[in-house]
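Asks: If you scroll down you'll find the structure; I have some questions about it.
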Amino acid sequence: YSPNRTTVKCAKDIKFYPELIINNHKKELIKDIYDKYTKHKGFKETSYTVDEMLANSHGNIFYAYKNNLIGFLFYKIVNKNFLAIEFGWDYENPSLSLGSVSMYYAWRVAKHQRCEYIYMSAGYESSCQYKANFRGFQWWTGINWSDNTKQYKELCLADDRVQVVNY
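First residue of the sequence shown? That's 4 in this note's numbering, and the numbers climb one at a time after it.
Pasting the structure below:
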């Protein structure tokens, strides 16, 4: 991974910082952002609660724009690999490109921690197709690692057509 000029330029407007202690007020802000994020993405259900994100991660990055919290990334480092657990942002200013900026900051943290790979969490539904656009992208087929981005994108689209049947 290496960031493009547009991402680096957008990153200059966004402050990022790790948070070691997350109080109840911060949890509420995270929940509000996550609710906006999942609604914007059209997810049928959320993946995690804030407490589960905290329990499943070793670290987090918060993003602020004009002194307002706008997004977050929970992550863990496993065997010199950076694993994004959950990301969210409020989408109130899409021109900030926080998804790309978050990848840039995750890369900086991973580089500082001497990680070999960055894993961008799960890939499902059409909203995850963008992951295939990063240089060096690979995905796990269930049997082996593949760099077939066309097949990955097709599988993401197929996920959109899955229907849950309740009995």
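Ideal placement from N, C-alpha and C gives every residue a C-beta, glycine not left out.
Output the distance between the C-alpha atoms of G139 and T152, rounded to the nearest integer angstrom.
Replies: In the sequence shown, residue 139 corresponds to position 136, counting from 1. In the sequence shown, residue 152 corresponds to position 149, counting from 1. So the two alpha carbons sit approximately 10 angstroms from each other.
Asks: Comparing the CB of W143 with every heavy atom of the ligand NAD, is any distance shorter than 7 angstroms?
Replies: Judged by which ligands are present, the structure shown has none, so any question about the ligand NAD falls away.
Asks: Which runs of the beta strand (DSSP E) spanning at least 3 residues fall entirely within the region 35-113, listed in chain order?
Replies: Correct list: 62-68, 71-81, 84-92.
Asks: Can you give me the Cβ contacts of Y2 inside the same chain, cut-off strictly under 6 angstroms, excluding the 5 residues immediately before and after it?
Replies: This structure gives no information on residue 2, because the portion of the chain shown stretches from 4 to 170.
Asks: Would you please verify whether the beta carbon of F85 is less than 8 angstroms from any beta carbon of chain B?
Replies: Absence of chain B from the displayed structure is noted, only one protein chain being present.
Asks: K69: which of E128, V167, L99, S149 sits nearest, CA to CA?
Replies: Indexing the sequence shown from 1 puts residue 69 at position 66. The shortest Cα separation from K69 among E128, V167, L99, S149 belongs to L99.
Asks: My assumption, with CB atoms under 8 angstroms, is that V104 sits in contact with A161. Please give the rounded CB distance.
Replies: As a working note, residue 104 is residue 101 in the sequence shown. As a working note, residue 161 is residue 158 in the sequence shown. Not a contact, Cβ separation roughly 29 angstroms.
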